[in-house]
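For the sequence shown, position 35 (counting from the first letter as 1) is numbered 36 according to the numbering used here, and the numbering increases by one without interruption. Each residue gets a CB set at the ideal place from its N, CA and C atoms; glycine is no exception. Quick caveat, the model's predicted, so the values are computed rather than measured.
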Amino acid sequence: MTLSSRALGATSLVALLFLAAPTGDAARPANRRVRKKVIATAYCLGPCRTCETQGLTSTGTRGRRGVAVARRGHKRVLPLGSSIWVPGYGWARVDDVGGGVGRTQIDVRFRTHRLASQWGKRQIQVVALVPNG
Ligand SMILES: [Zn+2]
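Take a look at the structure:
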């Protein structure tokens with residue numbers, strides 16, 4: 002899988018190179034890079050009645066930034082643990098799951114419900130580093 006540098010802005014390319022720098026055996030890279038078109042909705046960490054969140058992600062973190070994918074047993078656009086570049090948001094970790102998240106959808110987490118509301122619903126292309134194995 003190759004990643005065209007034309008498709009990325011200078012900032013994201015620098016961030017990608019930084020994160021993709023080899024950390025061990027070069028013959029067995031820790032991540033593979035994938036590009037996907039997704040629907041990106043937003044939610045807040047909560048506790049929030051609208052987002053049905055309790056202030057804690059499903060992986061037990063309280064990170065105010067992060068990305069949720071479909072819940073266990075459902076098709077996910079990316080696995081938990083992936084690092085993902087979301088245009089308009091930045092780098093984040095896939096560290097949560099959501100019952101209402103579809104198979105081609107990510108849910109981007111914000112610090113406040115107001116910020117999540119401002120994000121709305123977008124169709125975007127993301128770049129992800131998916132852990133091997
Ligand atoms: Zn909310």
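**Message:** Does the stretch 80 to 90 come into contact with the stretch 50 to 57, if we say contact requires no fewer than three beta-carbon pairs (one atom in each stretch) closer than 8 angstroms?
**Reply:** no
**Message:** Could you tell me the alpha carbon to alpha carbon distance between V131 and K76, rounded to whole angstroms?
**Reply:** 15 angstroms
**Request:** Mind reading off the beta-carbon distance from L46 to R65? Whole number of angstroms is fine, and I expect it under 8 angstroms.
**Result:** 5 angstroms
**Boundaries of the alpha helix (DSSP H) in which L81 is found, first to last residue** = Counting along the chain, L81 falls outside any alpha helix (DSSP H), and DSSP gives it neither H nor E.
**C-beta contact flag for V127 and V102 at 8 angstroms** = no
**Proximity to R72 [Cα-Cα], best of R112, F111 and Q106** = Q106
**Prompt:** How about A41: is its Cβ closer than 7 angstroms to a heavy atom in ligand 2?
**Reply:** Among the ligands in the structure shown, ligand 2 does not appear; only ligand 1 can be found there.
**Item:** Buried or exposed (CB count within 10 angstroms, at least 16 for buried), R110
**Value:** buried
**Prompt:** Within 10 angstroms of its Cβ, does G99 collect 16 or more other Cβ (buried), or is it exposed?
**Reply:** buried
**Request:** Report yes if the CB atom of V68 is closer than 8 angstroms to the CB atom of R29, and no otherwise.
**Result:** no
**Request:** Decide if T42 is buried, meaning its Cβ has at least 16 other Cβ atoms within 10 Å, or exposed.
**Result:** buried
**Asked** Rounded to whole angstroms, how far is the Cβ of I125 from the Cβ of V39, which I believe are closer than 8 angstroms?
**Response** 6 angstroms
**Prompt:** Beta carbon of A69: closer than 7 angstroms to some heavy atom of ligand 1?
**Reply:** no
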